[in-house]
Amino acid sequence: MKKTTMSLLVVTALLGGLLTACSGNTNNNGATPPATNTPIASESPTPSPSPSDEPENSEKPDDNATKSSTDKIMKAMLDKVEQPGLMDLTKETLDTYYVINTDLIEEFTIKTPAFNLSSNEIAVIKVKDSKHIDEIKKSMEQRGADVQKMFENYLPGPYKLAQNYKIATAGNYVLFLISESADELEKAFKEAAASA
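Following the numbering used here from start to finish, the sequence shown increments by one per residue and tops out at 531.
Dropping the structure here:
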């Protein structure tokens, strides 16, 4: 009991010291701090850049030129059908979520739930060769089973949603998704993949 009381007093004293330090007025006599001779912004004008200071190529690079085709497909899908908080899966974290042979993949964009209360997930994978599509689809079936297992005894809504996951293909692209809007997202995927 004494240790708890002492700990509380120490914490209170530390917080009081921090608050005093943050207030900027350590003498507590109510006096205002002395004026400083800090120049006003208008007293020191910023020189305008001369023509030689400006970069020769002031155009910004086209954002679309740097995006992968799977990024573009994902963006097109999410522009048409809004989804709850999703975060990007990186190459470094891919193995944590998917049992997939990365040698078969040319590129991917995968969005997983930002919070563990949702099972929503979208994966767009471009395979190097269409003969490997079935192997990628099997990996996605495994992912669907894994997500179901995560929510089976946890939350019934996300579990039911995960039971109805979808896998679709368009050319060398494979789509895995868990969403309330699966049909609309699949349609948007096929449209975007056709023009990728």
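Beta carbons: idealized from backbone N, C-alpha and C, even for Gly.
Under the three-state reduction of DSSP, which class applies to K472: helix, strand or coil? helix
For the beta strand (DSSP E) that contains K407, what are its first and last residues? Counting along the chain, K407 falls outside any beta strand (DSSP E), though it belongs to the alpha helix (DSSP H) covering S404 to K415.
By the 10 Å Cβ neighbour count, where 16 or more other Cβ atoms means buried, how is L421 classified, buried or exposed? buried
Separation of N488 from Y500, as counted between CA atoms: 18 Å
Are three or more beta carbon pairs between the region 454 to 462 and the region 505 to 519 nearer than 8 Å? yes
Simplified DSSP assignment, three categories, for A531: coil
Could you check the C-alpha separation between M409 and Q498 for me, to the nearest Å? 22 Å
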